[in-house]
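Engineer: Heads up, the sequence shown is in our numbering, so the first residue is 118 and it goes up one at a time. Virtual Cβ for every residue (Gly too), placed ideally from N, Cα, C.
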Amino acid sequence: MTNATAEFPFGTISWNTELIIERIEGDNTATIWDDVYSLEGSSNGTNSYGTNYNVVTEVPLVKINETDCLRNFVSGVVVLNDSNNNEIRLDYDPIGGGQCDKTAELTINDGEPFIINLR
118 MTNATAEFPF
128 GTISWNTELI
138 IERIEGDNTA
148 TIWDDVYSLE
158 GSSNGTNSYG
168 TNYNVVTEVP
178 LVKINETDCL
188 RNFVSGVVVL
198 NDSNNNEIRL
208 DYDPIGGGQC
218 DKTAELTIND
228 GEPFIINLR
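1) If you draw a straight line from the C-alpha of A123 to the C-alpha of N164, how long is it?
2) On the three-pair Cβ rule with 8 Å, is the stretch 142–158 touching the stretch 124–131?
3) Do V191 and R206 come within 9 Å of each other at the CB atom, strictly closer than that value?
4) Could you have a look at T184 and say whether DSSP puts it in helix, strand or coil?
5) Just to confirm, is the Cβ distance from S160 to N169 under 9 Å?
6) Reducing DSSP to helix, strand and coil, say where F231 ends up.
7) I'd like to know whether the C-beta atoms of L178 and Y209 end up nearer to each other than 9 Å.
8) Rounded to whole angstroms, what is the Cα-Cα separation between I232 and T220?
9) Rounded to whole angstroms, how far is the Cβ of D152 from the Cβ of N182, which I believe are closer than 8 Å?
10) Note down the Cα distance separating I149 from E139, rounded to an integer number of angstroms.
11) Does the distance from the CB of G167 to the CB of W132 come in under 9 Å?
Here you go:
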């Protein structure tokens with residue numbers, strides 16, 4: 118998506134996105150419930166406060182198409198940087214092994230990383 122915008126009473130946001138989605142497992146079966154997808158790409162834009170940002174997939178995000186895993190990625194790393202020199206790093210597999218454990222590790226501005234529970 119290129120040059121997208123949305124206007125709201127509190128301001129306008131704009132963004133560009135490049136996304137690659139690839140099925141990496143399960144393509145040789147008739148069911149979708151064994152499929153595994155890889156997502157990677159980048160996005161940049163300006164939020165409603167006028168702050169520019171850039172988001173990049175540092176490690177491809179992996180999504181398992183199983184009932185307990187449908188809402189969350191099981192692995193991958195996304196990094197957001199903005200024009201105020203902030204950095205947010207989200208690691209969907211802090212323990213390793215690509216488990217569907219609904220946890221991620223969040224690090225803000227080189228601070229101490231902490232584990233968050235995903236819904």
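Structural biologist: Taking the coordinates as given:
1) Indexing the sequence shown from 1 puts residue 123 at position 6. Indexing the sequence shown from 1 puts residue 164 at position 47. The straight-line gap from Cα to Cα measures roughly 10 Å.
2) Result no; under three Cβ-Cβ pairs closer than 8 Å.
3) By one-based count along the sequence shown, residue 206 stands at place 89. By one-based count along the sequence shown, residue 191 stands at place 74. Cβ atoms of R206 and V191: not closer than 9 Å.
4) Here residue 184 refers to the residue found at position 67 of the sequence shown. Three-state result, T184: helix.
5) On the sequence shown, position 43 is the one that residue 160 refers to. On the sequence shown, position 52 is the one that residue 169 refers to. Not a contact, by the Cβ cut-off of 9 Å.
6) For the purposes of this step, residue 231 is identified with residue 114 of the sequence shown, where counting begins at 1. Note: F231 maps to strand in three-state DSSP.
7) The residue given as residue 178 occupies position 61 in the sequence shown. The residue given as residue 209 occupies position 92 in the sequence shown. Yes.
8) On the sequence shown, position 115 is the one that residue 232 refers to. On the sequence shown, position 103 is the one that residue 220 refers to. Going from the Cα of I232 to the Cα of T220 covers about 7 Å.
9) Here residue 152 is taken as the residue at index 35 of the sequence shown, counted from 1. Here residue 182 is taken as the residue at index 65 of the sequence shown, counted from 1. Contact between D152 and N182 is confirmed by a C-beta separation of about 4 Å, below the 8 Å threshold.
10) Here the question's residue 149 lines up with position 32 in the sequence shown. Here the question's residue 139 lines up with position 22 in the sequence shown. For I149 and E139, the distance between alpha carbons rounds to 14 Å.
11) Stepping through the sequence shown from its first residue, residue 167 is reached at position 50. Stepping through the sequence shown from its first residue, residue 132 is reached at position 15. Contact check for G167 against W132 fails: the beta carbons are separated by 9 Å or more.
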